[in-house]
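Q: In terms of our numbering, the sequence shown has 594 at position 109, counting the first letter as 1, and numbering is strictly consecutive.
From the three backbone atoms N, C-alpha and C, an ideal C-beta is built for every residue, glycine too.
Below: one structure in structure tokens.
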Amino acid sequence: ALIAIGTRSAVFAPFDKLGLIIMDEEHEHTYKSEKSPRFHARELAKFRAYYNNTLLCLASATPSVESYTAALSGKYSLYKLTKRYGNAVLPDVETVDMRKEITSGNASSVSRVLYDGIEEALDNKRQVILLLNRRGHNTYITCPDCGYVATCPNCSISLTYHSANGRLMCHYCGYSQKADKKCPQCGGEHMRFMGIGTQKVAEDVEKLFPSARLLRVDADSTMTRESYSDYLKSFADGEYDIMLGTQMVAKGLDFPNVTLVGVLGADRAMYSEDFRSFERTFSLLTQVVGRAGRGSSPGRAVIQTVNPEENVIELAKTQDYEAFYEEEILTRKLMIYPPYCDICLVCVSSQSREDAQDAINSIFTRIKEIINNTPSIKVIILGPAPAAIPKVSNRYRYRMIIKCKNNSEFRKMLRNAIDIKRRNDVSIAVDVNPETVI
486 ALIAIGTRSA VFAPFDKLGL IIMDEEHEHT YKSEKSPRFH ARELAKFRAY
536 YNNTLLCLAS ATPSVESYTA ALSGKYSLYK LTKRYGNAVL PDVETVDMRK
586 EITSGNASSV SRVLYDGIEE ALDNKRQVIL LLNRRGHNTY ITCPDCGYVA
636 TCPNCSISLT YHSANGRLMC HYCGYSQKAD KKCPQCGGEH MRFMGIGTQK
686 VAEDVEKLFP SARLLRVDAD STMTRESYSD YLKSFADGEY DIMLGTQMVA
736 KGLDFPNVTL VGVLGADRAM YSEDFRSFER TFSLLTQVVG RAGRGSSPGR
786 AVIQTVNPEE NVIELAKTQD YEAFYEEEIL TRKLMIYPPY CDICLVCVSS
836 QSREDAQDAI NSIFTRIKEI INNTPSIKVI ILGPAPAAIP KVSNRYRYRM
886 IIKCKNNSEF RKMLRNAIDI KRRNDVSIAV DVNPETVI
């Protein structure tokens, strides 16, 4: 074989005479392995390019902040594509304030502007892509009488209602239970299903456009790799009019007949505690908007949001990456986040909350002792503290975020620090430059 094409594991292709590595969508978080070994395909590709004295091409419409900084500083060469392929032009983008939709009496997940756009596209025999980055029917179920929220007994997370099987499911450990209309806490019979997922939006769209052929693409409908590719082929062949899905429909797809893209719940990923949340939101919106108008017909995109004045949404609307980068890099510099440092995430888990807490505190104490005796090691430690989701699969999780310079001296210090006596089933995971700190 002369060419290897694949996912992140393709970086290990056993080529002795490696001549070129092309990494498309280099900003994608899936290039980072979340399980041991926690490698990033981009870092391995850089090493192989150096080792084989060859060229590495990183391609993206929304480069990672780290890569773009390296390009601006001269570490990488920077080449810009300022025009779309062929005669295609960027789509017109419109934002819709969903607060006004609600106050005007529209309780549907589809705004009036988006409804008119879908109707026009269908009348012209064109196709539509709708994005909602949340699967399931409703995101949680609650009792208005006593405030009870159905949560997973194994994880610190609410259960998501799935209408396909009428069950509440945990998206972390897989636990499920029958959805009961009676509150198990107070006995009230007014349980309310709150929030929306792709299943709920699919029902709304089918009611609004009963004659349209709807395809739902998410982790529930594409249980196998073949079903995902089969669905995309069916949509490309014109067997469906509307494709509704999570972020898997947002990137890297080329459907010339798609002239309208609708983004539902654009704010969802923006307000997490992860420092990459704005970068991830901008990238997702920019990528999905780019799915419209890739053929000869002009494209249009509608972004539904409750925060239309948010600058990230405005910049994604105009697809102005440079302006977004200038704003984001100032925040990174002020808060000391990559590319101005490396991030090391130390996570401890155990079935015993006390054992997990004792372990993370012991590591923290060891680090303080070592750096007090080694002034050359400079770190900023956030924590120790419970993880954003404190319990997953009946294991309590504590974490510590270390801002550092990832060199041999730091790694030696960390190895010594985590070499502690562990109680029972305590496990320690270390991840350098993780894609998320949640």
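Would you mind sorting I626 into buried or exposed? The rule is 16 or more other CB atoms within 10 Å of its CB.
A: buried
Q: If you run the structure through DSSP and keep just helix, strand and coil, what is R698?
A: coil
Q: Comparing alpha-carbon positions, which option in I887, D904, C832 lies nearest I874?
A: C832
Q: For A801, name the three-state secondary structure that DSSP assigns.
A: helix
Q: Pairs of beta-carbons, one from the stretch 709–725 and one from the stretch 557–565, closer than 8 Å: are there three or more?
A: no
Q: Count Cβ pairs between the stretch 780–793 and the stretch 575–593 that sit closer than 8 Å; are there 3 or more?
A: yes
Q: Return the residue from the list L575, P871, C658 that minimises the CA-CA distance to Q842.
A: Taking only the C-alpha atoms, the option nearest Q842 is P871.
Q: Classify M898: buried if its beta carbon has 16 or more other beta carbons within 10 angstroms, exposed otherwise.
A: buried
Q: Beta-carbon within less than 8 Å of R785's beta-carbon, same chain only, minus the 5 sequence neighbours each way: which residues are those?
A: P576, D577, V578, E579, G602, T744, L745, V746, A777, G778
Q: How would you label R900, buried or exposed, when you count the other beta carbons within 10 angstroms and need 16 or more for buried?
A: Its Cβ having fewer than 16 others within 10 Å, R900 is exposed.
Q: If you pair each beta-carbon of the stretch 647–655 with each one of the stretch 879–887, do three or more pairs fall below 8 Å?
A: no
Q: CB-CB under 6 Å to A495, same chain, minus the five flanking residues each way: which ones, in chain order?
A: Excluding residues within five positions, the ones whose Cβ falls inside 6 Å are A489.
Q: Please name the residue in E807, G680, P823 whose C-alpha comes closest to that of L749.
A: G680
Q: Could you check the C-alpha separation between Y810 and C889 for me, to the nearest Å?
A: 23 Å
Q: Quick check on the burial criterion: 16 or more other C-beta atoms within 10 angstroms. Buried or exposed for H675?
A: exposed
Q: Could you name the residues of the same chain whose beta carbon sits closer than 7 Å to that of C668, not counting the 5 residues immediately before and after it, in chain order?
A: C628, D630, C631, Y633, M676
Q: According to DSSP, what are the bridge partners of P871?
A: Y883
Q: Compare the Cα-Cα distances from E920 to each of M885, C829, I507, I856 and report the closest residue.
A: C829
Q: By how many angstroms is the C-alpha of L693 removed from the C-alpha of A530?
A: Rounded to whole angstroms, A530 to L693 spans 48 Å at the Cα level.
Q: Could you have a look at T681 and say whether DSSP puts it in helix, strand or coil?
A: It is Ile, not Thr, that sits at residue 681 in the sequence shown. In this structure, I681 counts as coil in the three-state DSSP scheme.
Q: By Cβ distance below 6 Å, which residues in the same chain neighbour L867 in space, the five residues on each side in sequence not counted?
A: I886
Q: Roughly how many angstroms lie between the CA atoms of A526 and T850, to the nearest whole one?
A: Distance between A526 and T850, taken at the CA atoms: about 33 Å.
Q: Using the rule of at least 16 other Cβ atoms within 10 Å of the residue's Cβ for burial, across every protein chain shown, is C763 buried or exposed?
A: The residue you asked about is not Cys; residue 763 is Phe in the sequence shown. When all chains shown are included, F763 counts as buried.
Q: What would DSSP say about D759, mapped onto helix, strand or coil?
A: Looking at D759 - three-state DSSP - the assignment turns out to be coil, as it is neither helix nor strand.
Q: For a test of your reading of the model: does the CB of N879 fall under 7 Å from any non-hydrogen atom of the ligand COA? Yes or no.
A: The ligand content of the structure shown is nil, which means the ligand COA is not present either.
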